[in-house]
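Residue numbering for the sequence shown follows the numbering used here, starting at 69 and increasing by one per position.
Quick notes on the structure that follows.
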Amino acid sequence: MRLRALLETDALGLRLLGGEDELDRTVRGVMTTDLRDPSRYLSGGELVLTGLAWRRDASDSEPFVRILAGAGVAGLAAGEAELGDIPADLVEACVQHRLPLFAVNETVAFATITEHVVRQVSGERAGDLAAVVDRHRRLMTSGPAGGGPEVVLDLLTSDLDLRAWVLSPTGRQIAGAGAPLPAPLGAALAGHHLAATRTGRRGPYRAAVAGSTYSLFPIRNAGRGAVPAARDVRESVLSDWLLAVEADASDWPAARLDLLQGVTQLIAVERDRRDAARTVRRRLAQEVLELVQAGAAPAEIAARLRVAAPVLLPGLGVAPQWQVVVARVDWTAAGTAGGAGVPGDIAGGPVAQALLEEILVDPAVSGPDSADRIAVAHTGEEAIALVPLPAVPAPLPETVDGPTDNAGTTDTAEAPAAETPAAQDPALHADALLASVREPLSAGLADDGRLTLGVSAAVHSAEGLRGALEEARHARRVAAARPGRVCAAGHHELASHVLLLPFVPDDVRRAFTARLLDPLRDYDRRHRAELIETLEAFLDCDGSWTRCAARLHLHVNTLRYRVGRIEQLTGRDLSRLEDKLDFFLALRMS
């Protein structure tokens, strides 16, 4: 109940002496005391009743009120039976500490006020409890009226006029009430949430995006697969869901904040229930992976794939192709730089597993059940996904019965071209996997984490899975050689020069790039000559003076001057293929 309601009940005989601006405080209980320091018996939200027996002189009022205000009581009611009028020093102390003060008429017993407050608070709590039980029942009930996070979000909209969405750590919408959240907005909110979580602040977090204010509530996984709360935040930051509410919760009363925290707990229960469904898919992936790594016979691996295919591709029976994706999350130790190693108390495999399960979900599909085709195992610090690919329907043959010209030849200029297999290709591509998740994940990885990912080519049989696994691992190592917090590489890059770069020792790479590029960087710092930028554009334009000058918006003579300066500073000749290649590799490794 609110303090204001006490004044509206004439039978209580209360008169307000100060704190009119604070009458919307919530009363959670009542306590009668004449102790000089009753703080040990206070938990916050109480209406304190006192007969002023603790007061010996005016100096006692301020310490007493300061103790009550520090304990978070809702208000103070002082009886007039002992001293008559309430002392001015007590009124002044309550004004100083913004504590509402009431005078209790000498004809009203404290027991009357206590009974009234207890009855009102108990009734409201019973109503709140009934509402929570009803919401919980509706949330967990299967069928059209319930069965998911959408139910509780609908209740937030209808009961509290709050628009809210449940988002994955990459910003993918899992549930929402009303219109879907635009994908870029979801990614931005997830990025804000991950960045705030990494700072160690307690939620909810405030985020201003696209002209609106949102409050972001963490949804902690509290089920069987949850990480213990006392562990490093990096173990769960990349896998926890969040509740995004279009409102500023910074000025919300405690009761509303408690309600939203309760909503996150209900959604966490639902999250645990749905995570349990991944257990079968994870086990299938683990079994296949163990067979592949142990060098089992192809027939044995094929038998396990036949078991997995109906689970991952219901109704299909057999997957005509498979792909392997390998991911790894590495954390550098606190205070170290540049990949100094993984802290021993952070297990990278489970983190990468949960993250890869999220990344492989089709971003165009919303809802928590869109990961049914994903089977991810982890071994050591790696997560390994086994992805079945459905068959691609064959394109319709082009017609040969089109209109003919006067010479009798078939005119195909206006005939629609058949859709190419590439346009229907269901295979996963490394860059596409990370395109929509790079920004939020970079915020979650902060300055001490890296995600690297490698994708194999599609294989058609069990015999090819061993090669696909090694191919994906090689591709991930290629990605690890690149700068950036979130990097990926695909199988097509393994036929390129970049395959060699991860295997060049770090000290050799640093010496090679320093010898070629440091003179140019030093010159750029002193003269702002943009020689590095010019070199990159010149090589990217295959040494074409006109195309490079146009790209850089320079006169050709200016470009020739800059290239001449590059050659002078490095002793190289950019007309020679060997020197062009050295510069190209140095830029790629820098």
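Beta carbons: idealized from backbone N, C-alpha and C, even for Gly.
For residue i, three-class secondary structure by DSSP
i: H528; result: coil
i: A255; result: helix
i: C162; result: helix
i: D592; result: helix
i: W122; result: coil
i: W233; result: strand
i: G143; result: strand
i: V429; result: coil
i: M657; result: helix
i: H560; result: helix
i: C616; result: helix
i: S671; result: The structure shown has nothing for residue 671, since the chain only spans 69 to 658.
i: A367; result: helix
i: L317; result: Before going further, note that residue 317 is Ala rather than Leu in the sequence given. Residue state, collapsed to three classes: helix.
i: D516; result: coil
i: T101; result: coil
i: A247; result: coil
i: A362; result: coil
i: A135; result: First, the amino acid is wrong: residue 135 is Ile here, not Ala. I135: helix per DSSP, three-state reduction.
Residue i versus residue j - alpha carbon distance
i: L585; j: D575; result: 15 Å
i: S510; j: H446; result: 22 Å
i: D499; j: V554; result: 10 Å
i: L158; j: G330; result: 39 Å
i: T638; j: P587; result: 7 Å
i: D398; j: Y629; result: 44 Å
i: P106; j: G119; result: 14 Å
i: T94; j: V189; result: 10 Å
i: E76; j: R166; result: 21 Å
i: E676; j: R72; result: Outside the displayed span of the chain (69 to 658) sits residue 676, for which this structure offers no information.
i: L454; j: E355; result: 11 Å
i: L110; j: S226; result: 36 Å
i: A247; j: P217; result: 15 Å
i: A345; j: A451; result: 18 Å
i: V444; j: P573; result: 32 Å
i: V631; j: S658; result: 20 Å
i: E183; j: A79; result: 12 Å
i: I335; j: D222; result: 13 Å
i: V394; j: A540; result: 6 Å
Counted within 10 angstroms of its Cβ, other Cβ atoms place residue i as buried (16 or more) or exposed
i: P456; result: buried
i: G41; result: Residue 41 is absent from the model: the chain starts at 69 and stops at 658.
i: Y273; result: buried
i: G271; result: buried
i: H595; result: exposed
i: G552; result: exposed
i: H542; result: buried
i: E646; result: exposed
i: H260; result: buried
i: L649; result: exposed
i: P252; result: exposed
i: G416; result: buried
i: G147; result: buried
i: E338; result: buried
i: D343; result: buried
i: R228; result: With the sequence shown as reference, residue 228 is identified as Leu, and Arg is not the correct amino acid for it. Burial call: exposed.
i: V624; result: exposed
Neighbourhood of residue i by C-beta, 7 Å cutoff - its chain only, sequence neighbours within 5 removed
i: V163; result: G86
i: V348; result: V379
i: A495; result: Q391, L457, A526
i: E368; result: L359
i: T267; result: none
i: R534; result: V360
Inter-residue CB distance, residue i and residue j (contact presumed, cutoff 8 Å)
i: A536; j: Q391; result: 7 Å
i: L513; j: A556; result: Contact flag wrong, Cβ pair sits at about 14 Å.
i: D308; j: I287; result: 6 Å
i: R96; j: G113; result: 3 Å
i: A654; j: T581; result: 5 Å
i: L117; j: I181; result: 6 Å
i: R123; j: P155; result: 7 Å
i: S283; j: V313; result: 5 Å
i: R302; j: G517; result: 7 Å
i: V375; j: L352; result: 7 Å
Sequence-distant residues of the same chain with beta carbon closer than 8 Å to residue i, five excluded per side
i: A121; result: D102, E150
i: V277; result: L253, A256, L257, H260
Neighbourhood of residue i by C-beta distance below 6 Å, restricted to the same chain and skipping five residues each side
i: G138; result: none
i: A525; result: H559
i: S129; result: D157, L158, A161
i: F606; result: C616
i: G143; result: L71, L115, P168
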